[in-house]
Amino acid sequence: MNNPPTTEPVDHETEHYAHDVSKHVRGYLIVGGTLLFFTALTVFLSYVNFGTQKANVAVAMVVATIKAGLVAYIFMHLSAEKKLIYRILIFTAIFVFGLFWLIYLAWYDPVVH
Amino acid sequence: MEIPYTVTARPDTGLWNAKVGIWLFLASEVMLFGGLFSAYIFLRLDAEPGYWPHGLLNVPVGTGNTAILIASSVTVVLAWAALKMRQFTRYKIYMGITILCGVAFLVVKLAYEWPQKFEHFGAYIKPSALEKYEPYLGNKHLLSEGLPPRVEITGHLHNHEALHDASIKDYEVGLDPIYTDPTNPKMDRPHFLYVPPTEKIAHIDKADVDRATMFLPTHNTYFATYFTITGLHGLHVLGGVIVFTYLWLPFGSRLYRQNPEHLANRVEVAGLFWHFVDLVWIFVFPLFYLL
Amino acid sequence: MDASSSVSHAAHDHHDTAHEHHELGFFRKYVFSTDHKVIGLQYLITGLIFLFLGFCLMMLMRWQLAYPGKELPVIGNLIGRMLGPGSMNNGVMTPEFYNSLGAMHGTIMIFLGIVPVAFAAFGNFVVPLQIGAPDMTFPKVNMASYQAFFVGGMIMLISFFVPGGAAKGGWTSYTPLADIADKGPGYDVIFNGQTLWLIGFILLITSSLLGAINFIATIIQLRAKGMTWMRLPFFVWAQFVTAFLLLLAFPPLESAIVMQLMDRVAGTSFFLPTGLVVNGTAVSISGGGSPLLWQHLFWFLGHPEVYVLILPGMGIVAEVIANNTRKPLWGYKSLVLAALVLGFLSFIVWAHHMWLTGMGTAVSAFFQTTTMIISIPSVIILSAFFISLWGGSIRFTVPMLFATAFLPMFGIGGLTGIPLAFNSADLYLHDTYYVIAHFHYIVAPGTIFAVFAGIYYWFPKATGRKMNDFWGKVHFWPSLICMNAIFLPMFLQGMLGMHRRWYDGGEGWTLASEKVWGLSGFHWNLPISIAAWTMGVAQIPFIINFFWSIRHGQKVGINPWEATTLEWTAPSPPPHGNFLTPPVAYRGPYEYSLPGRAKDFTMQTEPVEPNERAPHEPAMSLSH
Numbered sequence: 001m002n003n004p005p006t007t008e009p010v011d012h013e014t015e016h017y018a019h020d021v022s023k024h025v026r027g028y029l030i031v032g033g034t035l036l037f038f039t040a041l042t043v044f045l046s047y048v049n050f051g052t053q054k055a056n057v058a059v060a061m062v063v064a065t066i067k068a069g070l071v072a073y074i075f076m077h078l079s080a081e082k083k084l085i086y087r088i089l090i091f092t093a094i095f096v097f098g099l100f101w102l103i104y105l106a107w108y109d110p111v112v113h
Numbered sequence: 001m002e003i004p005y006t007v008t009a010r011p012d013t014g015l016w017n018a019k020v021g022i023w024l025f026l027a028s029e030v031m032l033f034g035g036l037f038s039a040y041i042f043l044r045l046d047a048e049p050g051y052w053p054h055g056l057l058n059v060p061v062g063t064g065n066t067a068i069l070i071a072s073s074v075t076v077v078l079a080w081a082a083l084k085m086r087q088f089t090r091y092k093i094y095m096g097i098t099i100l101c102g103v104a105f106l107v108v109k110l111a112y113e114w115p116q117k118f119e120h121f122g123a124y125i126k127p128s129a130l131e132k133y134e135p136y137l138g139n140k141h142l143l144s145e146g147l148p149p150r151v152e153i154t155g156h157l158h159n160h161e162a163l164h165d166a167s168i169k170d171y172e173v174g175l176d177p178i179y180t181d182p183t184n185p186k187m188d189r190p191h192f193l194y195v196p197p198t199e200k201i202a203h204i205d206k207a208d209v210d211r212a213t214m215f216l217p218t219h220n221t222y223f224a225t226y227f228t229i230t231g232l233h234g235l236h237v238l239g240g241v242i243v244f245t246y247l248w249l250p251f252g253s254r255l256y257r258q259n260p261e262h263l264a265n266r267v268e269v270a271g272l273f274w275h276f277v278d279l280v281w282i283f284v285f286p287l288f289y290l291l
Numbered sequence: 001m002d003a004s005s006s007v008s009h010a011a012h013d014h015h016d017t018a019h020e021h022h023e024l025g026f027f028r029k030y031v032f033s034t035d036h037k038v039i040g041l042q043y044l045i046t047g048l049i050f051l052f053l054g055f056c057l058m059m060l061m062r063w064q065l066a067y068p069g070k071e072l073p074v075i076g077n078l079i080g081r082m083l084g085p086g087s088m089n090n091g092v093m094t095p096e097f098y099n100s101l102g103a104m105h106g107t108i109m110i111f112l113g114i115v116p117v118a119f120a121a122f123g124n125f126v127v128p129l130q131i132g133a134p135d136m137t138f139p140k141v142n143m144a145s146y147q148a149f150f151v152g153g154m155i156m157l158i159s160f161f162v163p164g165g166a167a168k169g170g171w172t173s174y175t176p177l178a179d180i181a182d183k184g185p186g187y188d189v190i191f192n193g194q195t196l197w198l199i200g201f202i203l204l205i206t207s208s209l210l211g212a213i214n215f216i217a218t219i220i221q222l223r224a225k226g227m228t229w230m231r232l233p234f235f236v237w238a239q240f241v242t243a244f245l246l247l248l249a250f251p252p253l254e255s256a257i258v259m260q261l262m263d264r265v266a267g268t269s270f271f272l273p274t275g276l277v278v279n280g281t282a283v284s285i286s287g288g289g290s291p292l293l294w295q296h297l298f299w300f301l302g303h304p305e306v307y308v309l310i311l312p313g314m315g316i317v318a319e320v321i322a323n324n325t326r327k328p329l330w331g332y333k334s335l336v337l338a339a340l341v342l343g344f345l346s347f348i349v350w351a352h353h354m355w356l357t358g359m360g361t362a363v364s365a366f367f368q369t370t371t372m373i374i375s376i377p378s379v380i381i382l383s384a385f386f387i388s389l390w391g392g393s394i395r396f397t398v399p400m401l402f403a404t405a406f407l408p409m410f411g412i413g414g415l416t417g418i419p420l421a422f423n424s425a426d427l428y429l430h431d432t433y434y435v436i437a438h439f440h441y442i443v444a445p446g447t448i449f450a451v452f453a454g455i456y457y458w459f460p461k462a463t464g465r466k467m468n469d470f471w472g473k474v475h476f477w478p479s480l481i482c483m484n485a486i487f488l489p490m491f492l493q494g495m496l497g498m499h500r501r502w503y504d505g506g507e508g509w510t511l512a513s514e515k516v517w518g519l520s521g522f523h524w525n526l527p528i529s530i531a532a533w534t535m536g537v538a539q540i541p542f543i544i545n546f547f548w549s550i551r552h553g554q555k556v557g558i559n560p561w562e563a564t565t566l567e568w569t570a571p572s573p574p575p576h577g578n579f580l581t582p583p584v585a586y587r588g589p590y591e592y593s594l595p596g597r598a599k600d601f602t603m604q605t606e607p608v609e610p611n612e613r614a615p616h617e618p619a620m621s622l623s624h
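Chains as they are written, first to last, in our numbering: chain A, 1 to 113; chain B, 1 to 291; chain C, 1 to 624.
Here you go:
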């Protein structure tokens, strides 16, 4: 093949990478703390009356999306991921939103509502 | 010819095989839970006013379980980082904690949360009989507040045999606090702390009841989605725990001695799956426990 | 295996020192194999058996349609004894059994026949060879994929033998019918037709997901040196898009299947509406569910599934056409783009299967528009194939016969689908034989012909021998005639309004007595049935030819068709690891009849010569 697989990791690369990783450990702990904080926040906000149920749902979903984003971006290393993975995910995201949106459309019947 | 790029990255994509594989798998998982959540949206939008219950789950326990999952997500990424830095003992410790967290999550779910629901009782009152149970329901008060009506009375069922025995004409229900003081504005919205059913007994005539069961999947569409989604999520947690245990046991040490980078890659892939399971829970928690 | 054969294997190893891999035992080599070629052949054989089984179910149904309520001689009593009087009572088909046959015909043909053969078998065998890879990226996952498929298929078969028989709710399993099916007296929670159908389906979906992940990862990661995206044979592109469809469309159906399973086993009401009354009594359910939700989730898979069925077929046809016209495939780049657009659009047309559910006008308008748009890439692909024939010196080999027959057959199937895309026309034609004829033209003389083309085409690669030409033609011509004799009259029946699920074949339907071309709609059933049975007979030459040729076919070299793609540089059959030296691709996949060359084909592995005209290769960068 164009690049025969090397089973032995190249030493200087690994060291460089290890150094890189050690810098990240602190970041992982901070993100973990942030996630716990957001969990407490979302519980708290669910008992605050934002006027309508819909508003409460929207607020909770915003917080959940931030949390999910943190997990995906930091823990799942999307911050330093290759283009290819992004392509797959964007593609998937389009369809998942299509599914949600069209099921909503199907529920919404202008004759009845 | 051997299969290339099992450990090292292919130059033009910059990825090793399993990394591509796991992300493709996660894409399919997104669609799987996407289907379930779209069912949740559809059923919730479709529910008649009052027929989508709120505040029936134990929020502090759910919050605790969320914290456990988040903690395990942190430890699994630390375990991976430890492997990258070739600190095998640390890896063992962090991975051990992750496995414990996963098991703890499942124990809380299966030994506490679900059984607690199975022992709870709810009876949907026929629309024609709602007036009769107004003292428990407080619908006039809710109407004046612009809130959806209550159509169900929940609590602890004292005469269990009534569920099967047609000769028993009523249900004896130890009421949940909300039905003991329905017009109190404090009861308009769910509470954070779980309060067990009171000793105040209500007799609910079977003739006035549309449908009465314990909080099983069959009780209503809310519990149907709750048990299905958390059940499927629980299966994912179980799968993750099994994979982690496999990587933690002697197999991990052997692979570490042969090729530490390969073990790190496997932990990263398993970790990606675990983070996804965490990510699903981040949405499950508010949708079922809080809203 | 017995001791003597393992000894002989050991002795063989000892002498054959040049052989790098030691021989595996029978089970490791053929049953629990991780080699993509063996898995491909496993899929092929199992899939072909299921295809034939699904066809047998249909031949039984054709008896009931041609002679409603008449005893089926010999076979009828045999089946009655095997499956109980609930199936063929004294040789006469019961309505329940008729429904089972219909539902299982669809399920088996689509999910146990076409998908395993067209996608999994050809994909597994051919794709790694065509991209110059040693195997799939995840060989063990590949094995698990086949095993899940096999177990799922067995569960589907077992369901014929449980009390009440196999699933009866149609291959679409519409709720609430499917939710409450079989729930009569003696209802067993697990061992009833519909529940086993659901459990089997979960395994089939798992199998497809594992396969799809493997295919995509293989195509992305294991392309040989120089095998850029725009040098991939069109077949690989078709499989790539198909794998994405399976990957993203199957999980929503899996979620729906899990929900229907919950409905049946745990008593939930995901798909059961409030106030459901069955046989005059209210059902004890919570209600609050929605039958429409099932339809949406089902067709979210169901429509991409149509392209899962046809795209691999198109891929095979592209290979065979390019090879036998001896000229480059016309419009390679537009073919690839059309396949990608087709894949994308197939996700947003699904509700055109649901016009009768009374969706709002806005939703209908959206789906009618997208359905119209999706015909464009299909027409691009078909046109490119037709234009490829133009000016070629065509070799009418057996694979080419099937591939050329594919073109008009798929054309008829596609064009007759256009009226169904319109809400107003579909209201009349919905669920009639017109629909049956339309989609069978695409899948039966379409995909299945492509599959036959593929089998005849790649058989020499798998075995080192060719299938017999004469018997191939004996297989082809009757098949082509019978296919049309079966499905053309169905358009007429459909336009008379004959419903696709009638047990009596329309005998009691007034409009079915109207005469078309000298026969009433109902009486057209008999010639159709005769054509179907003849078609069954016409498959016998193929079956014999297939098995006979494995050992006795004409021996051929590694590139008998004088083709250009990489699989023809590997030995036939390819060893474990496929290629003796890692192949390198220097040019596009269809370099036929290059000017100034001694031979009329130039393989992808032949370096570009300095004085050669710039190779025909569209430049386009994807994912680098």
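Here a beta-carbon is modelled for each residue, glycine too, at the ideal position from N, C-alpha and C.
Separation of residue j from residue i, as counted between CA atoms
i: F300 (chain C); j: A598 (chain C); result: 52 Å
i: G211 (chain C); j: D12 (chain B); result: 24 Å
i: M214 (chain B); j: Q116 (chain B); result: 10 Å
i: F32 (chain C); j: M88 (chain C); result: 38 Å
i: L36 (chain B); j: Y98 (chain C); result: 33 Å
i: F27 (chain C); j: P582 (chain C); result: 29 Å
i: A82 (chain B); j: A224 (chain B); result: 41 Å
i: L247 (chain B); j: V267 (chain B); result: 7 Å
i: K84 (chain B); j: G271 (chain B); result: 14 Å
i: G505 (chain C); j: L53 (chain C); result: 22 Å
Reduced DSSP category for residue i - H, G, I as helix; E, B as strand; rest coil
i: S255 (chain C); result: helix
i: E514 (chain C); result: coil
i: H156 (chain B); result: strand
i: N56 (chain A); result: helix
i: N124 (chain C); result: helix
i: N89 (chain C); result: strand
i: T14 (chain A); result: Summary for T14 (chain A): the model assigns pLDDT 48, below 50, so the residue's position carries little reliability, and this model does not support an answer.
i: R465 (chain C); result: strand
Residue i - partner residues in DSSP beta bridges
i: N628 (chain C); result: An answer regarding residue 628 (chain C) cannot be provided, because it is not within the stretch 1 to 624 covered by chain C.
i: D205 (chain B); result: B:D170
i: R211 (chain B); result: B:Y124
i: L175 (chain B); result: B:G155
i: S520 (chain C); result: C:K515
If the cut-off is 7 Å on Cβ atoms, which residues from the segment 110–140 of chain C count as contacting chain B, listed in chain order? P134, D135, T137, F138
Select from the segment 50–71 of chain A all residues with a C-beta closer than 7 Å to any C-beta belonging to chain B, and list them in chain order. N56, V57, A60, A64, K67, A68, V71
Cβ contact (3+ pairs, closer than 8 Å) linking the segment 176–195 of chain C and the segment 261–279 of chain C: yes
Can you confirm whether the segment 371–388 of chain C touches the segment 330–338 of chain C when touching is taken to mean that 3 or more C-beta pairs between the two stretches lie within less than 8 Å? yes
Segment contact, 8 Å Cβ cut-off, at least three pairs: the segment 62–71 of chain B with the segment 267–282 of chain B: yes
Pull out every residue of the segment 205–226 of chain B whose Cβ sits closer than 7 Å to any Cβ of chain C, in chain order. R211, P217, T218, H219, N220, T221, A224
Mind listing which residues of the segment 266–298 of chain C have their C-beta closer than 7 Å to chain A's C-betas, in chain order? L292, H296
If you pair each beta-carbon of the segment 348–360 of chain C with each one of the segment 421–438 of chain C, do three or more pairs fall below 8 Å? yes
Touching by the beta-carbon criterion (3+ pairs, under 8 Å), the segment 127–143 of chain C and the segment 51–68 of chain C: no
If contact means a Cβ-Cβ distance below 9 Å, which residues of the segment 3–15 of chain B contact chain C? I3, P4, Y5, T6, R10, D12, T13, L15
Using 8 Å as the threshold, is the segment 172–181 of chain B in touch with the segment 153–163 of chain B, meaning 3 or more CB pairs across them? yes
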